[in-house]
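This report refers to the structure that appears directly beneath it.
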Amino acid sequence: MTSKIDSFISDLKTANKVTFLTGAGVSTHSGIPDYRSKNGIYHGVNMSPEIILSPDTLLHRPELFHQFVMNNMYFPDAKPNLIHQKIVQICNQKGELITQNIDCLDTKAGNKHVTEFHGNLYNIYCTKCHQKVAFNSYQKSYKHECGGIIRPGIVLYGEGIDSQVLEHSLQAVSTSDLIVIVGTSFVVYPFAGLLNYRQANSKVWCLNKTKIQTDIAEQITTDALKVFQELS
Ligand SMILES: [Zn+2]
Numbered sequence: 001m002t003s004k005i006d007s008f009i010s011d012l013k014t015a016n017k018v019t020f021l022t023g024a025g026v027s028t029h030s031g032i033p034d035y036r037s038k039n040g041i042y043h044g045v046n047m048s049p050e051i052i053l054s055p056d057t058l059l060h061r062p063e064l065f066h067q068f069v070m071n072n073m074y075f076p077d078a079k080p081n082l083i084h085q086k087i088v089q090i091c092n093q094k095g096e097l098i099t100q101n102i103d104c105l106d107t108k109a110g111n112k113h114v115t116e117f118h119g120n121l122y123n124i125y126c127t128k129c130h131q132k133v134a135f136n137s138y139q140k141s142y143k144h145e146c147g148g149i150i151r152p153g154i155v156l157y158g159e160g161i162d163s164q165v166l167e168h169s170l171q172a173v174s175t176s177d178l179i180v181i182v183g184t185s186f187v188v189y190p191f192a193g194l195l196n197y198r199q200a201n202s203k204v205w206c207l208n209k210t211k212i213q214t215d216i217a218e219q220i221t222t223d224a225l226k227v228f229q230e231l232s
């Protein structure tokens, strides 16, 4: 594995432009669990995140939606870890980050080259009057003073990706000679489809605990933290 890590680090050094594609595995070291593995209980019925995190639940069972996101998704005290920090260093020199994470930890780490593909949990607003709402107000209630329902600006199951976000992500991938996938099993579309827009001669590395389904990436099947610890 050491020689593979050396080879990855060498590619990182020689690349002209790097795009990182990251997922939940980056934030687990900050104590944020993958919410996709959680279920919610509602009137004694076990419900999957796909059902709960939908526009239908948000609008018709807002108390369930609110309870689920507060119990399973918000970790306001979480701090960025070494992976976030190393990615910032590289992005500042020559790169960009497209993340599926909605926890704001890349922004907290000081990354100014981050695109949040699925939005973020702290962009909170009222669905009726569109006024921004502070996290501590949303924590107390999902009901806005205008009578509307408050929601976080994350992409729910069944909702589309913001067109500007999508366009910018495609542009980043298509102009990079190195793409590094970190901490994601890379199965959620359209995120996973971004790879289709890479340059034909670009290199693709994947650092993840489990192998992803692709034959175009060099894979280091390990906790990504181990690899980033090797970066000077
Ligand atoms: Zn309102």
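Note that the UniProt record's numbering gives residue 65 to position 65 of the sequence shown, counting from 1, and the numbers run on in steps of one.
In this text, a Cβ means the ideal position worked out from N, Cα and C, and glycines have one as well.
These numbers come from a predicted model, not from an experiment.
Outcome for residue i when other beta-carbon atoms lying within 10 angstroms are tallied against a minimum of 16
| i | result |
| --- | --- |
| P76 | exposed |
| R36 | exposed |
| K132 | exposed |
| C129 | exposed |
| D106 | buried |
| V227 | buried |
| G147 | exposed |
| Y189 | exposed |
| V45 | exposed |
| T57 | buried |
Cβ-based neighbour list, residue i, same chain, cut-off 7 Å, excluding 5 preceding and 5 following
| i | result |
| --- | --- |
| E116 | T99, I102 |
| L53 | L156, Y157 |
| C91 | L97, N111, H113 |
| L59 | I149 |
beta-carbon residue i near ligand 2 non-hydrogen atom, thresh 7 Å
| i | result |
| --- | --- |
| S37 | Looking for ligand 2 in the displayed structure turns up nothing; the ligands present are ligand 1. |
Which listed residue (the options) has its alpha carbon closest to that of residue i
| i | options | result |
| --- | --- | --- |
| S202 | M1, T2, V18 | V18 |
| F68 | P55, K38, H60 | K38 |
| L121 | Y138, L225, I9 | Y138 |
| K140 | R198, H66, L207, G95 | H66 |
| V173 | L21, D11, A109, L64 | L21 |
| Q213 | E230, L195, Q199, D223 | L195 |
| S27 | S10, S7, M73, E145 | M73 |
For residue i: DSSP bridge partner residues
| i | result |
| --- | --- |
| C91 | Note: C91 sits in no beta bridge, so no partner. |
| F20 | L97, V180 |
| N46 | I41 |
| Q85 | Paired residues: none, contrary to the question. |
Sequence-distant residues of its chain with Cβ nearer than 6 Å to residue i (five each side left out)
| i | result |
| --- | --- |
| G40 | M47, I52, F68 |
| A204 | It is Val, not Ala, that sits at residue 204 in the sequence shown. Here the set comprises I179, I216, A217. |
| G153 | G119, N123 |
| H29 | N81, L225 |
| H84 | L105, D106, A109 |
| Q192 | The sequence given here has Ala at residue 192, not Gln. Cβ within range, chain order: F186. |
Within-8 Å CB hit, residue i to chain D
| i | result |
| --- | --- |
| N16 | Structure shown: chain D not included; a single protein chain is present. |
Close beta carbons around residue i, own chain, < 8 Å, minus the five adjacent residues each side
| i | result |
| --- | --- |
| Q171 | none |
| Y125 | Q131, K132, V133, I150, R151, G153 |
| T210 | S185, T221 |
Task: Neighbourhood of ligand 1 [Cβ distance below 5 Å to any heavy atom], ordered by chain position - done: Having a Cβ closer than 5 Å to some heavy atom of ligand 1 are C126, K128, C129, H144, C146, G148.
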